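Student: Those sequence lines, one after another, are chains X and E. Last residue of the first sequence: 254 in this note's numbering, with the numbers rising by one and none dropped. Last residue of the second sequence: 72 in this note's numbering, with the numbers rising by one and none dropped. C-beta: ideal position from N, C-alpha, C; glycine also. Here the structure is a predicted model, which means the values were calculated and not measured.
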Amino acid sequence: MNPLEELANGVTHLQHSFDSAYVVGPVTQYIVWMVVCLAITLIVVLVCGRKLSLVPKNKFVHMVEYGYDFVRKDMGENAIGHGYKKHVPFLATLFFFILISNFVGLIPGCKTPTGTISVTWALSLVSFVYFNWQGIKAHGGWGYIKSIAPSGLPKVMVPVIWFFEFVSLVLRLLTLAVRLYGNMFAGHMALGIFALATTVFLQSITSSIVGVVGIGWFALLLAMYALECLVAFLQAYVFTILSAVYISLATSEH
Amino acid sequence: MEIALTLDALKLVGYGLAAIGPGLGIGIACYGCCVATARQPELQGRLFTNFIIGAALAEALALLGFVLAFIL
Numbered sequence: 001m002n003p004l005e006e007l008a009n010g011v012t013h014l015q016h017s018f019d020s021a022y023v024v025g026p027v028t029q030y031i032v033w034m035v036v037c038l039a040i041t042l043i044v045v046l047v048c049g050r051k052l053s054l055v056p057k058n059k060f061v062h063m064v065e066y067g068y069d070f071v072r073k074d075m076g077e078n079a080i081g082h083g084y085k086k087h088v089p090f091l092a093t094l095f096f097f098i099l100i101s102n103f104v105g106l107i108p109g110c111k112t113p114t115g116t117i118s119v120t121w122a123l124s125l126v127s128f129v130y131f132n133w134q135g136i137k138a139h140g141g142w143g144y145i146k147s148i149a150p151s152g153l154p155k156v157m158v159p160v161i162w163f164f165e166f167v168s169l170v171l172r173l174l175t176l177a178v179r180l181y182g183n184m185f186a187g188h189m190a191l192g193i194f195a196l197a198t199t200v201f202l203q204s205i206t207s208s209i210v211g212v213v214g215i216g217w218f219a220l221l222l223a224m225y226a227l228e229c230l231v232a233f234l235q236a237y238v239f240t241i242l243s244a245v246y247i248s249l250a251t252s253e254h
Numbered sequence: 001m002e003i004a005l006t007l008d009a010l011k012l013v014g015y016g017l018a019a020i021g022p023g024l025g026i027g028i029a030c031y032g033c034c035v036a037t038a039r040q041p042e043l044q045g046r047l048f049t050n051f052i053i054g055a056a057l058a059e060a061l062a063l064l065g066f067v068l069a070f071i072l
């Protein structure tokens, strides 16, 4: 059989493997992996919290503390600024959960929970409710609604700018969810297609010389895998820092 | 082989067009961030935060196109 035709058949099969399939009752495989990631996050953080000391000697504790410090310095202090300390636990929870979810998906055979829109939708809803709630707490209900438009504008322009700022505020809910989902889904799809091409071409090496192309596909797969490791970290970072920036926009005095 | 130019195909073309603008925008934002960091390396943290905000705003357009390709 022509390897290209086989590849086209395999791609449809690959696409179906990304659909949510019910495992037990209403539980899909993505929910199972989400619970697994949640358990891993809890275990990592709780075990580290048990072993905390003033001068950490354990390598594992060092690693987790470095991650927490990264969230605190890079996202808390740099993005939020004054009064960042009370937001750090929320940001660290988001960062660790998304980071572990993204990296679990890179292990062959595992699914990434952030590769489905429902999980990212829930995460972005949590972030959206949190920063609006913080804004209302800081300015009061009417004050927060007024503070959506930046101050110092001419009186005539205020309703127009307010409307645009409001639309962009509501769109944050959509963009946070779709950015994470799109990056993870597309990355895993690309990895799947390269892996499929490698197998299809290498299997046909006995019948035709074209199969040698499979080695090229394999090199491409390894390069893509390295890129996906970067993307997995970067998307967790971007999600958290954007949440931090939105919190600072909502709570700061304009 | 018959090439069918269906509505579905046009949606994908529309998404491709929607990705051009944000691509240019993020490229320009990254250029600005790199140049500014080279001139004043001590401001790197704040510049990078601003770059991420700008990139997120530009990327929102591409993501809107991505969503519209699905729901239209």
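Which same chain residues end up closer than 6 Å to V200 of chain X when comparing Cβ atoms and leaving out the 5 residues on each side of it in sequence?
Tutor: For V200 of chain X, where only same-chain residues beyond five positions count, the Cβ hits under 6 Å are P3, E6, L7.
Student: For A79 of chain X, which residues in chain E fall below 7 Å Cβ to Cβ?
Tutor: T49
Student: Using a 10 Å radius around the Cβ and a threshold of 16 neighbouring Cβ atoms, would you call M63 of chain X buried or exposed?
Tutor: exposed
Student: DSSP state of Y84 of chain X, grouped into three classes?
Tutor: coil
Student: In this structure, what does DSSP give as the bridge partners for V257 of chain X?
Tutor: The requested residue 257 of chain X is not part of the displayed model; chain X covers only 1 to 254.
Student: For A226 of chain X, count neighbouring C-beta atoms within 10 Å of its own C-beta (all shown protein chains included) and say buried if the count is 16 or more, exposed if not.
Tutor: exposed
Student: Spell out a yes or no on whether the stretch 91-102 of chain X and the stretch 113-120 of chain X are touching, meaning 3 or more CB-CB pairs, one atom from each, closer than 8 Å.
Tutor: yes
Student: Do G67 of chain X and F96 of chain X have their C-beta atoms within less than 8 Å of each other?
Tutor: yes
Student: Taking just the CA atoms, how far does G49 of chain X sit from P22 of chain E?
Tutor: Cα-Cα distance, rounded: 42 Å.
Student: Counting contacts by CB-CB distance shorter than 8 Å, is I107 of chain X in contact with chain E?
Tutor: no
Student: Exposed or buried, M184 of chain X, counting other C-beta atoms within 10 Å across all chains shown (16 or more means buried)?
Tutor: M184 of chain X is buried by the Cβ-count criterion.
Student: With 8 Å as the threshold, decide whether the Cβ of G182 of chain X is near any Cβ in chain E.
Tutor: Closer than 8 Å: yes.
Student: When you compare only the Cα positions, how much space is there between W217 of chain X and E228 of chain X?
Tutor: 16 Å
Student: What is the rounded straight-line gap between the Cα of V213 of chain X and the Cα of L222 of chain X?
Tutor: 15 Å
Student: With C-beta atoms as the reference, is A29 of chain E less than 8 Å away from A60 of chain E?
Tutor: no
Student: Applying the criterion that 16 or more other CB atoms from any shown protein chain within 10 Å of the CB defines a buried residue, is R39 of chain E buried or exposed?
Tutor: exposed
Student: Output needed for V158 of chain X: all residues of its chain with C-beta closer than 7 Å, excluding positions within five of it in sequence on either side, in chain order.
Tutor: A149
Student: Going by alpha carbons, who is nearest to S127 of chain X out of X:F90, X:T28, X:M189, X:V45?
Tutor: X:F90
Student: Can you give the Cα-Cα distance for D69 of chain X and V119 of chain X, rounded to whole angstroms?
Tutor: 26 Å
Student: Rounded to a whole number of angstroms, what is the C-alpha to C-alpha distance between H87 of chain X and A56 of chain E?
Tutor: If you draw a straight line from the Cα of H87 of chain X to the Cα of A56 of chain E, it comes to about 21 Å.
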